[in-house]
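Residue numbers (this note's numbering), protein chains in the order written: chain A, 1 to 112; chain B, 113 to 227. The C-beta atom is built at its ideal place from N, Cα and C for all residues, glycine as well. Here's the structure we're looking at; comments come further down.
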């Protein structure tokens with residue numbers, strides 16, 4: 001069963017902040033975040049492992065609540081280059097094969 | 113260094129034909145994955161290789177789909193008797209295959225259109 005992402009779409013003005021959520025019904029080992037621009041490959045942003053951690057680089061950060069099986073991606077002071085579709089990919093505890101199950105994505109549009 | 117490459121970038125074929133899609137992973141990456149992405153959806157797992165062997169092929173939709181990685185580097189996804197429903201972007205990803213962090217790096221994909 002794929003993780004549920006919310007919101008499905010969001011429009012921001014440059015400089016505004018956004019939060020994208022990813023929720024799973026399964027126990028998770030890790031959560032991976034990707035950004036995909038139209039017609040391009042998904043680009044790796046970050047991975048969060050179980051144990052409840054937070055990560056960030058530049059103005060993009062994320063958290064992982066292992067108990068709630070949820071992760072959130074935080075985009076601060078958004079730039080035009082942040083536009084794209086954001087996917088979370090989850091790795092289930094016990095899956096054993098590193099396969100990722102992706103959500104349907106959150107389309108982010110940053111406008112001037 | 114070079115990233116994951118895939119060929120061809122586009123493939124148009126007729127229903128019932130056989131197609132092969134190629135993936136060249138990042139040098140040194142032992143793990144290789146195939147995913148399929150339909151319009152408006154996230155990538156969907158097909159198969160995972162660790163070295164030369166298919167460690168998990170649970171995502172292959174049926175026996176028309178097959179993948180190989182004979183020397184532990186380049187992989188080929190083979191689809192027999194293609195159907196219109198096979199039309200999608202086929203993505204390949206690779207990772208180092210070691211350690212806790214399993215960062216998967218994707219190639220540009222092959223857009224398959226079955227007429």
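Where residue i falls, given that 16 or more other Cβ within 10 Å makes a residue buried
{"i": "residue 159(B)", "result": "buried"}
{"i": "residue 101(A)", "result": "buried"}
{"i": "residue 198(B)", "result": "buried"}
{"i": "residue 31(A)", "result": "buried"}
{"i": "residue 86(A)", "result": "buried"}
{"i": "residue 174(B)", "result": "exposed"}
{"i": "residue 130(B)", "result": "exposed"}
{"i": "residue 124(B)", "result": "exposed"}
Partners in chain A for residue i, counting only beta-carbon separations shorter than 8 Å
{"i": "residue 175(B)", "result": "In chain order: nothing, as chain A lies at least about 19 Å away."}
Simplified DSSP state of residue i, which is helix, strand or coil
{"i": "residue 147(B)", "result": "strand"}
{"i": "residue 198(B)", "result": "helix"}
{"i": "residue 34(A)", "result": "strand"}
{"i": "residue 130(B)", "result": "coil"}
{"i": "residue 82(A)", "result": "helix"}
When the options are compared against residue i, the one with the closest alpha-carbon
{"i": "residue 188(B)", "options": "141(B), 115(B), 140(B), 145(B)", "result": "145(B)"}
{"i": "residue 227(B)", "options": "163(B), 194(B), 171(B), 126(B)", "result": "126(B)"}
{"i": "residue 65(A)", "options": "76(A), 19(A), 49(A), 2(A)", "result": "49(A)"}
{"i": "residue 2(A)", "options": "39(A), 24(A), 108(A)", "result": "24(A)"}
9 Å Cβ cut-off: residues of chain B touching residue i
{"i": "residue 105(A)", "result": "152, 153, 154"}
{"i": "residue 102(A)", "result": "147, 149, 153, 154, 155, 156, 157"}
Where residue i meets chain B, residues with beta-carbon distance less than 8 Å
{"i": "residue 90(A)", "result": "Those do not exist, as residue 90(A) stays about 11 Å from chain B at its closest Cβ, beyond 8 Å."}
Residues, ordered as in the chain, of the stretch 17–51 of chain A that lie near chain B by beta-carbon distance below 8 Å: Within the stretch 17–51 of chain A, those residues whose Cβ lies closer than 8 Å to any Cβ of chain B are, in chain order, 30, 32, 34, 40, 41, 42, 43, 44, 47, 49.
Interface positions of the stretch 66–87 of chain A facing chain B (Cβ-Cβ less than 7 Å), listed along the chain: If the cut-off is 7 Å between Cβ atoms, the stretch 66–87 of chain A has 87 near chain B.
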